[in-house]
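Visitor:
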Amino acid sequence: MGRIQKFFKQKIKQDYTPYIVLSIPMVFLLFFLIWPLGTTVGRAFIERGQDFSLSNFSFANFDRFFTSTMYQRSLRNSFLVAFSVVFFTLLIGVPMGYFVARVEMPFKRVMLSLGILPIITPAFVGAFSWIILLGRQGVLRYLINRILTIFGWTLPPIYGLFGIIFTMTLVYFPFVFLLSHGAFKSSNPLLEESAMIMGAKNSRILRTVTVPLILPSLGAAAILVFIRSIGNFGIPAILGGQQYVLPTLIYFRVNGFWDLNGAAAIAMISVMIVIIALWMQKKIISSREYETISTASSEHKLYKHPIIKIIANVYCWFILIIALAPQITIFIMSFFEKWRGLLPIGFTLNNYLSIPQIASKPIFNSLYLALTASFFTAILGSLIAYIVERRRPKGAILIDFTVMTPFVLPGIVVAVALLTTFSSGPIILSGTYTIIMISFIVRRTPYVFRSVCASLTQLDEALEESSLIAGANWFYTFRRVTLPLILPGIIAGTILTFSTLLQELSTTILLYSSKTQTLPIQIYNAVADGKFGEASALSVLLMLTVFIFVYLMNIFVGESSSSGLKLG
Amino acid sequence: MSSDIVYENVVKNFGGRETLTALKGISFRIKKGELFCLLGPSGCGKTTLLRITAGLESLTEGKILYGSNNVTMIPTFRRNIGMVFQSFALYPHMNVFENVAYGLRVRKQSDKFIKNKVTEIMNLVGLPDVLKRNPSPTALSGGQQQRVAIARALVYDPEILLLDEPLASLDAKLRRYMRAEIRRIQKATNITTIYVTHDQEEAMAIGDRLAVMNVGVVEQIGSADDIYNNPRNIFVANFIGKMNFFNTKIIDIKNERYIVELPYKKKILEIKMPKNPEMKDMLKENKDIFIGSRPEKLTINKNSDKGLLPGKVQIIQHLGQLIRYEIKPLWKDNAELVEVDMGFLVSNIQEGDKVFIDFDRENTFLFIK
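As you go down the protein sequences, you meet chains A and B in turn. The numbering used here puts the first residue of the first sequence at 509, with every later residue one more than the last. The numbering used here puts the first residue of the second sequence at 3, with every later residue one more than the last.
Rendered as structure tokens:
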């Protein structure tokens, strides 16, 4: 008896708060990520209208990939789009990264800042502004055709696969540009210099030293672009015309037939493609990853030859202007009624003045959903990061993997998973704010998670240990030491979350109801109805808000340079 | 309030794919008020033992007691200990005062009490002026950060003070100064202190007693003098100071004196040792053993009558208070270079000369192979 009492006394002396607090995010993940994904996989093997039981197991939903030309073409299109976009973004982005990193030229900071713009502009905005420029009555197409008719040619309108690939390339090439720029800039210059000393010519150095060293970064950029382009809904929805890709096919399946099981099957296929791509990237890159050992922090010598400088400048600005054409177009368009042919017609402020009347509910919804979801994402992401980095339980890698899953899943797949699970059964959430909020949280937790993980790895663990030594319990330590020191990481991740949630379309497109319609949905519908003026004004509003928040984040990330927080 | 620390058969395994035994059943006692050094090469388990003492690591088997209190299951924050980390672990988001006051705030002391206590402790560590400016600890020099870290660990009168390589991130000159300071502060407060280091000079200079550790076991415990002059085995002999080893064979044992045969022309040496009683049983006639000699206990001479083993002088190093001769053995034994420290420059010996090495019979050790 005495022993039992002693045992309990000792157990009670232990600090159990962390176990209680840290189990909350685990329950959330289990309930809103693992369960829905499991249900989706299960439902994919059940035909529409059938009960969810083992006896109804069938491959009928997958049969369409063998029988329907529409399915086959969608699959082919998705492949074609994703691989082409990866190819073209590398083709455009790598030289740009190299020029900005290694050639002496003015306004490098401006170029890098402008490079971020296409990424943080909602992709569907890019899509519809290219309709204004290169659509049936697009201004650029009008100009180009005037020249081409001399030779008897005409430029077709941008709709279709070409338009999808073209727009996506311009939207996603900054990933390649920025990542390769970083790699070119940070690789150890001594490696190239020593090759030079051993008598290698420039082209040989580039081929045998420079490029192999940045290959891991290029691989990371390529897989990022691949995942984004195969999961993007807005661009193919607006520009695709008769050409479907997997996300639009899923939308079609749900919206046209309310066939969630069929959609689940398509979702499974598209997830499998992503998994294969990830596996290929690992295969190709992992054998080529090197630790570059750099003792002295020296800088690369920049090219100063005038011809190289001219080529580099012209190239970079040419690409940037094309990539930023949508933003400029949208801004102009927002002050006009129509833009068909050379010049926009009918200057008006009505597009803006009517916003309160037509869009106040969507604006409220967007802000409300993004804010609340960001708040929960911040808590969830931070806690999970803390668990993985500090508690290091046995299955830490598994947790890491689970949290990061939504990062590689197409948004519409997450939407399908939530719909299949929560539109019938014990908990019904379809059409509510809650389901959108959950989709937002699940999809953006990786952002905060990664950001906070980075902060935590840079934070000397001895800081927390010394607090325990000083007699503080877990919660006190977390509140007074850990939290203040990882706060910049949390804020940076949260702002990124918030600003991307404001423009989220690919999940909300399946989850919204008339009550919960968001601003991107409103813009998408306006585009579909041909109300380009209204869509432009709303887009400008959205973009401005996003820019402001990204700017704020840069300030925070700039300050957080967490290495400054490390003592000794 | 300071107390003894008792380790009873402490075992620590680190999990993972292959279990790694960091501590292989360690038992010893650190006395109340003692400044005790844990010394050993990296990976010997000294930091693990310190972290176990703090409760930052759990132990696989065994017990730890503070005095008569079994603290094995007590979480760190209830142990009332102080610790100085190698990286100092000062909070960059708090100023110096708040850093030092941290443990007192945790203990919910009144502001007035905290102010007095912090001032007092900052005086003790020799930083009374820093509190006036009260900057962020990042703005302090390494030596100042070190003192703040010590002040923070001592301010709430812990039962035990733990120091984890506290001088490792300071430069050589500051290190020598700070180790004297740490000893002064420890003696002033008289808190039982464990000091972990891999630097034998530091350990010998600072510790009342030291434990030499190697691959998870304690090889020897004793005062610096004791360990230097009576190393129990080859590892300790080599880790604490330098020891030259020679292959020999015992040919006779006569009333506590050992006659050994040297590997050159069957020359003979008579040794009074060993001082370690437990070794005696293993020393028998015809047994191959090592004899060991500290560099300063060897002499060299050009004259073959005044030395036993021949060698060639390879390098002469002038080290200030002594001259170090590195001698390449010329007997048939592929042994390492022999180090001989002479208090003076031997005038007729140059690099490349052949010399003869002689032993100090009273200060030559016997080691089991």
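C-beta: ideal position from N, C-alpha, C; glycine also.
Applying the criterion that 16 or more other CB atoms from any shown protein chain within 10 Å of the CB defines a buried residue, is Ser1022 of chain A buried or exposed?
Guide: exposed
Visitor: Indicate whether the contact test is met: 3 or more Cβ pairs, each with one atom in the stretch 1008-1015 of chain A and one in the stretch 829-847 of chain A, closer than 8 Å.
Guide: Contact fails between the stretch 1008-1015 of chain A and the stretch 829-847 of chain A, because fewer than three Cβ pairs, one in each stretch, are under 8 Å apart.
Visitor: Closer than 8 Å by C-beta to Tyr93 of chain B: which residues in its own chain qualify, once you throw out the five before and the five after it? Chain order, please.
Guide: Glu100, Asn101, Tyr104, Pro139
Visitor: Distance check for Pro533 of chain A and Phe540 of chain A, CA to CA, integer angstroms please.
Guide: 10 Å
Visitor: Can a CB atom of chain B be found closer than 7 Å to the CB of Gly979 of chain A?
Guide: yes
Visitor: Please report the residue range of the alpha helix (DSSP H) in which Thr199 of chain B lies.
Guide: That residue, Thr199 of chain B, is in no alpha helix (DSSP H); its beta strand (DSSP E) goes 194-199.
Visitor: Using DSSP bridges, identify the partner residues of Glu272 of chain B.
Guide: B:Ile261
Visitor: If distances are taken between C-alpha atoms only, which option among A:Pro720, A:Tyr811, A:Ile628 comes closest to Val608 of chain A?
Guide: The shortest Cα separation from Val608 of chain A among A:Pro720, A:Tyr811, A:Ile628 belongs to A:Tyr811.
Visitor: Quick one: complete alpha helix (DSSP H) runs, 4+ long, within the stretch 853-900 of chain A?
Guide: 858-861, 863-894
Visitor: Going by other Cβ atoms of all chains shown within 10 Å of its Cβ, with 16 needed for buried, is Glu122 of chain B buried or exposed?
Guide: exposed
Visitor: Could you have a look at Leu165 of chain B and say whether DSSP puts it in helix, strand or coil?
Guide: Leu165 of chain B falls in the strand class under three-state DSSP.
Visitor: So is Ala91 of chain B in contact with chain A if we call contact Cβ pairs under 7 Å?
Guide: Chain A, which has a Cβ nearer than 7 Å to the Cβ of Ala91 of chain B, makes this yes.
Visitor: Using a Cβ-Cβ cutoff of 9 Å, what residues of the stretch 111-136 of chain B are near chain A? List them in chain order.
Guide: none
Visitor: Taking the beta carbon of Gln1077 of chain A as the centre, do at least 16 other beta carbons fall within 10 Å, making it buried, or is it exposed?
Guide: This structure cannot settle anything about residue 1077 of chain A, because the visible part of chain A is limited to 509 through 1076.
Visitor: If you run the structure through DSSP and keep just helix, strand and coil, what is Ile792 of chain A?
Guide: In the displayed model, Ile792 of chain A falls within a helix according to three-state DSSP.
Visitor: Is His320 of chain B buried or exposed, if buried means 16 or more other CB atoms sit within 10 Å of its CB?
Guide: exposed
Visitor: Would you decide whether Ile774 of chain A is buried or exposed? Buried here means 16 or more other CB atoms lie within 10 Å of its CB.
Guide: Classification for Ile774 of chain A: buried.
Visitor: Decide if Glu338 of chain B is buried, meaning its Cβ has at least 16 other Cβ atoms within 10 Å, or exposed.
Guide: exposed
Visitor: With a cut-off of 8 Å on the beta carbons, I'd call Val1058 of chain A and Ile998 of chain A a contact; round off their distance for me.
Guide: About 17 Å separates the CB atoms of Val1058 of chain A and Ile998 of chain A; that is not less than 8 Å, and the two are not in contact.
Visitor: Please classify Arg649 of chain A as buried or exposed, where buried requires at least 16 other C-beta atoms within 10 Å of its C-beta.
Guide: buried
Visitor: Taking Phe573 of chain A as the reference, which of A:Ala771, A:Tyr524, A:Leu891, A:Leu732 has the closest Cα?
Guide: Comparing Cα positions, the closest option is A:Ala771.
Visitor: To the nearest angstrom, how far is it from the Cα of Tyr68 of chain B to the Cα of Asn981 of chain A?
Guide: It is roughly 20 Å from the alpha-carbon of Tyr68 of chain B to the alpha-carbon of Asn981 of chain A.
Visitor: Just mark Gln316 of chain B as buried or exposed, buried being the case when its beta carbon has 16 or more other beta carbons within 10 Å.
Guide: Flag for Gln316 of chain B reads exposed.
Visitor: Does the stretch 668-681 of chain A touch the stretch 743-750 of chain A, meaning 3 or more C-beta pairs lie closer than 8 Å?
Guide: yes
Visitor: Compare the beta carbon distance of Ser947 of chain A and Thr885 of chain A with 7 Å and say whether it is the shorter of the two.
Guide: No, these two residues do not count as a Cβ contact at 7 Å.
Visitor: For Leu995 of chain A, verify whether its CB is less than 6 Å away from any heavy atom of the ligand MN.
Guide: Ligands are entirely absent from the displayed structure, and the ligand MN is therefore not among its contents.
Visitor: Using the Cβ count rule (16 or more neighbours within 10 Å means buried), how would you classify His813 of chain A?
Guide: exposed
Visitor: Does the separation of the CB atoms of Val950 of chain A and Pro918 of chain A fall below 7 Å?
Guide: no
Visitor: Nearest to Lys286 of chain B by CA position, among B:Ile261, B:Tyr266, B:Ser70, B:Leu310, is which residue?
Guide: B:Ile261
Visitor: Identify the contact partners of Gly105 of chain B in chain A, using a Cβ-Cβ distance below 7 Å as the criterion.
Guide: Ala978, Gly979
Visitor: Could you tell me which of B:Ser5, B:Phe30, B:Glu63, B:Ala56 sits nearest to Ala24 of chain B, measuring between CA atoms?
Guide: Of the candidates B:Ser5, B:Phe30, B:Glu63, B:Ala56, the one whose C-alpha sits nearest the C-alpha of Ala24 of chain B is B:Glu63.
Visitor: Beta-carbon separation of Ser882 of chain A and Thr756 of chain A under 7 Å?
Guide: no
Visitor: Can you list, in chain order, the residues of its chain whose CB lies under 7 Å from that of Gly144 of chain B, leaving out five sequence neighbours each side?
Guide: Ser171, Leu172, Leu176
Visitor: Please confirm whether Phe79 of chain B has its beta-carbon closer than 7 Å to some beta-carbon of chain A.
Guide: yes
Visitor: Under 7 Å between C-beta atoms, does Leu165 of chain B make it to chain A?
Guide: no
Visitor: Between Ser582 of chain A and chain B, is the shortest Cβ-Cβ distance under 7 Å, so that the two count as touching?
Guide: No, its Cβ sits nowhere closer than 7 Å to a Cβ of chain B.
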